[in-house]
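Please read the structure below before turning to the comments.
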Amino acid sequence: MQGLNELSFKALRLFVAVLDYGSFSEVARREGLAPSSISRQIQLMEQALSQQLLYRHTRAVSPTEAGRLLGHHARVMLQQLEEAGQALQEQEREPSGLVRINAPMVFGQRHLSPWLAQLCERYPKLQLDIQQTDTFVDPLQEGADLLFRIGVLNDSGMQARIFAPQRYRIAASPDYLARRGTPRHPDELVNHQCLAYKGANGQQRWFFRRAQGDWTPYSVKGPITGNHADTLARAAEQGLGFVVFPSWLIGESLRAGTLRAVLTEYDVATTLEPQQIAALWPGSRRLSVKVRTVIDYFVETFGTVPYWDR
Numbered sequence: 001m002q003g004l005n006e007l008s009f010k011a012l013r014l015f016v017a018v019l020d021y022g023s024f025s026e027v028a029r030r031e032g033l034a035p036s037s038i039s040r041q042i043q044l045m046e047q048a049l050s051q052q053l054l055y056r057h058t059r060a061v062s063p064t065e066a067g068r069l070l071g072h073h074a075r076v077m078l079q080q081l082e083e084a085g086q087a088l089q090e091q092e093r094e095p096s097g098l099v100r101i102n103a104p105m106v107f108g109q110r111h112l113s114p115w116l117a118q119l120c121e122r123y124p125k126l127q128l129d130i131q132q133t134d135t136f137v138d139p140l141q142e143g144a145d146l147l148f149r150i151g152v153l154n155d156s157g158m159q160a161r162i163f164a165p166q167r168y169r170i171a172a173s174p175d176y177l178a179r180r181g182t183p184r185h186p187d188e189l190v191n192h193q194c195l196a197y198k199g200a201n202g203q204q205r206w207f208f209r210r211a212q213g214d215w216t217p218y219s220v221k222g223p224i225t226g227n228h229a230d231t232l233a234r235a236a237e238q239g240l241g242f243v244v245f246p247s248w249l250i251g252e253s254l255r256a257g258t259l260r261a262v263l264t265e266y267d268v269a270t271t272l273e274p275q276q277i278a279a280l281w282p283g284s285r286r287l288s289v290k291v292r293t294v295i296d297y298f299v300e301t302f303g304t305v306p307y308w309d310r
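Each residue of the sequence shown is one higher than the last, beginning at 1 in UniProt numbering.
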């Protein structure tokens, strides 16, 4: 409709105010204008649109169907304009204030804590409150601004910035491989000691595939199962068998040579659902400069290919 091009944001703001208060005089009082000025603005809008927007009553006004429709879209546009203005103002400000972060225990220890000093040095006006837990956290109830999470992203109420997919490796110590040999096919794991994670849902199965083929599950056994990944990884380093863990968890051991990856031509996983390493925040909140700064910092720190996968 050509008439829409003739509407100003000021006129739309006054129109929405009239819808909210149902009165020209009340809006005029709040804006410091004459009621006739407000009425004239609405008349000009109606002329531009060739639509009646309001029913005029003796003591109040109410929207027509066209007025309700325009009011709905006007509110969206005005909100977006306000957010754009805030974003432009925030660009000029140094990130500051409290950022409340929640992260998984081991991931936080391995991949957040080593980089916090540099983050605080770069942005000295930021304050960080970091809570680490592996249990479910409702950010609205707990007051968290930012959640670092690993798993399947299926919460439509959250927005996410994905750092990387979670990739798994199967590995054992050089000593174990020297004693027991290196498997060339997952079928050979039946002849090896495997240290499998065992949580609330039982012992994990290991899945393998090659060249984007079908996944094949394997039920493995060995001298130790447990629900603490670090314990199993340390047992593997001591020569007790194979582990399957994410690269972010055992990447340092692989680089140090205390563990050695095998079956590298295969994809390996402990679940068939794609898992991501991501930062999450409530979808109902506009992302503030201070929270975006923390996210951008870790995007830069982790890298396009995260350092634990290099």
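Ideal placement from N, C-alpha and C gives every residue a C-beta, glycine not left out.
For clarity, every value in this text was computed on a predicted model and none was experimentally measured.
Handout entry: Contact under 7 angstroms by Cβ, ASP138 with MET105
Key = By one-based count along the sequence shown, residue 138 stands at place 138. By one-based count along the sequence shown, residue 105 stands at place 105. For ASP138 and MET105, no; Cβs fall outside 7 angstroms.
Practice task
Hey, could you find the ends of the beta strand (DSSP E) ILE162 is sitting in?
Solution key: Numbered from its first residue, the sequence shown carries residue 162 at position 162. Its beta strand (DSSP E) spans residues 158 to 165.
Practice task
Pull up the CB-CB distance for ARG167 and ASP309, whole angstroms please, since I reckon it's below 8 angstroms.
Solution key: Counting from one through the sequence shown, the residue named residue 167 turns up at place 167. Counting from one through the sequence shown, the residue named residue 309 turns up at place 309. About 6 angstroms separates the two Cβ atoms, so the contact holds.
Exercise for the section: Return the CA-CA distance between VAL190 and HIS228, expressed in angstroms with no decimal places. Expected result: Counted from its first residue, the sequence shown places residue 190 at position 190. Counted from its first residue, the sequence shown places residue 228 at position 228. Roughly 23 angstroms separates the two Cα atoms.
Exercise for the section: Spell out the partners DSSP gives TYR168 in its beta bridges. Expected result: Walking along the sequence shown from the start, residue 168 turns up at place 168. According to DSSP, TYR168 bridges with PRO246.
Practice task
List the endpoints of the continuous beta strand (DSSP E) containing residue 318.
Solution key: There is no way to answer for residue 318, as the model of the chain reaches only from 1 to 310.
Problem - Buried versus exposed, by CB contacts within 10 Å (16 or more), HIS111 - result: By 1-based counting over the sequence shown, the position of residue 111 is 111. Label assigned to HIS111: buried.
Handout entry: Residue from VAL16, LEU146 and VAL268 whose Cα sits closest to the Cα of TRP206
Key = On the sequence shown, position 206 is the one that residue 206 refers to. Out of VAL16, LEU146 and VAL268, VAL268 has the C-alpha closest to the C-alpha of TRP206.
Handout entry: Per DSSP, the bridge partner or partners of PRO139
Key = Within the sequence shown, numbered from 1, the residue matching residue 139 stands at position 139. In the DSSP output, where bridge partners are listed per residue, PRO139 has none listed.
Problem - DSSP beta-bridge partners of VAL76 - result: Residue 76 sits at position 76 when you count from the first residue of the sequence shown. Note: VAL76 sits in no beta bridge, so no partner.
Problem - Any 3 or more C-beta pairs closer than 8 angstroms across the segment 42 to 61 and the segment 239 to 256 - result: no
Exercise for the section: With a threshold of 16 other CB atoms inside 10 Å of the CB of PRO186, please say whether the residue is buried or exposed. Expected result: For the purposes of this step, residue 186 is identified with residue 186 of the sequence shown, where counting begins at 1. The residue in question, PRO186, is buried, as its Cβ has 16 or more Cβ neighbours within 10 Å.
Problem - Residue span of the beta strand (DSSP E) that contains TRP262, given as start and end - result: As a first step, residue 262 is located in the sequence shown; it is residue number 262 there, counting from the start. Note on residue identity: the sequence assigns Val, not Trp, to residue 262. Looking at the DSSP string, the run of the beta strand (DSSP E) that includes VAL262 is 260 to 262.
Practice task
Assign ASN227 to one of three DSSP states: helix, strand, or coil.
Solution key: By 1-based counting over the sequence shown, the position of residue 227 is 227. In the three-state reduction of the DSSP assignment, ASN227 falls in the coil class, being assigned neither a helical nor a strand state.
Handout entry: Limits of the unbroken alpha helix (DSSP H) element including VAL291
Key = Walking along the sequence shown from the start, residue 291 turns up at place 291. 289 to 302 is the span of the alpha helix (DSSP H), which, as asked, contains VAL291.
Practice task
Specify, as a first and last residue, the run of the beta strand (DSSP E) that ASP129 falls within.
Solution key: What you label residue 129 is simply residue 129 of the sequence shown in a count that begins at 1. That run of the beta strand (DSSP E) goes 126 to 132.
Problem - Beta-carbon spacing of GLY143, LEU195 below 7 angstroms - result: Here residue 143 is taken as the residue at index 143 of the sequence shown, counted from 1. Here residue 195 is taken as the residue at index 195 of the sequence shown, counted from 1. In this structure, LEU195 does not lie closer than 7 angstroms to GLY143 by Cβ.
Problem - Outcome for ARG149 when other beta-carbon atoms lying within 10 angstroms are tallied against a minimum of 16 - result: Indexing the sequence shown from 1 puts residue 149 at position 149. By the 10 Å Cβ count, ARG149 comes out buried.
Problem - Spatially closest choice to ARG68 from VAL18, ALA164 and LEU116, by CA coordinates - result: Position 68 of the sequence shown holds residue 68. Of the listed residues, the one whose Cα sits closest to ARG68 is VAL18.
Practice task
Keeping to the same chain, check which residues put their C-beta closer than 6 angstroms to that of LEU280; ignore five residues upstream and five downstream.
Solution key: Residue mapping note: residue 280 aligns to position 280 of the sequence shown, counting from 1. Excluding residues within five positions, the ones whose Cβ falls inside 6 angstroms are LEU147, ARG149, MET158 and ALA160.
Practice task
Could you tell me which of ILE170, LYS125, GLY303 and SER36 sits nearest to VAL291, measuring between CA atoms?
Solution key: Working through the sequence shown from its first residue, we reach residue 291 at position 291. It is LYS125 whose Cα lies nearest to the Cα of VAL291.
Problem - Same chain, Cβ closer than 6 angstroms to GLY239, neighbours up to 5 away in sequence not counted - result: By one-based count along the sequence shown, residue 239 stands at place 239. Same-chain partners within the cutoff: SER173, ASP175 and TYR176.
Problem - Extent of the continuous beta strand (DSSP E) run through ALA60 - result: As a first step, residue 60 must be located in the sequence shown, where it is residue number 60. Taken as a continuous stretch (DSSP letters only), ALA60 belongs to no beta strand (DSSP E), as it is neither H nor E.
Problem - Length of the line joining the Cα atoms of PHE245 and ASP20 - result: In the sequence shown, residue 245 corresponds to position 245, counting from 1. In the sequence shown, residue 20 corresponds to position 20, counting from 1. Cα to Cα, the separation comes out at about 57 angstroms.
Practice task
Report buried or exposed for VAL262, applying the criterion of at least 16 other Cβ atoms within 10 angstroms of its Cβ.
Solution key: Along the sequence shown, one-based indexing puts residue 262 at 262. VAL262 comes out buried.
Exercise for the section: Pick helix, strand or coil for LEU280, following the three-state DSSP scheme. Expected result: Mapped onto the sequence shown, residue 280 falls at position 280. In the structure shown, LEU280 sits in a strand (DSSP, three-state: E or B).
Handout entry: Exposed unless 16 or more other CB atoms sit within 10 angstroms - verdict on ASN102
Key = To locate residue 102, count along the sequence shown from 1; it is residue 102. When all chains shown are included, ASN102 counts as buried.
Exercise for the section: Pull up the DSSP beta-bridge partners for PHE207, would you. Expected result: Here residue 207 refers to the residue found at position 207 when the sequence shown is read from its first residue. When DSSP reads this structure, PHE207 sits in a beta bridge with PRO217 and ALA269.
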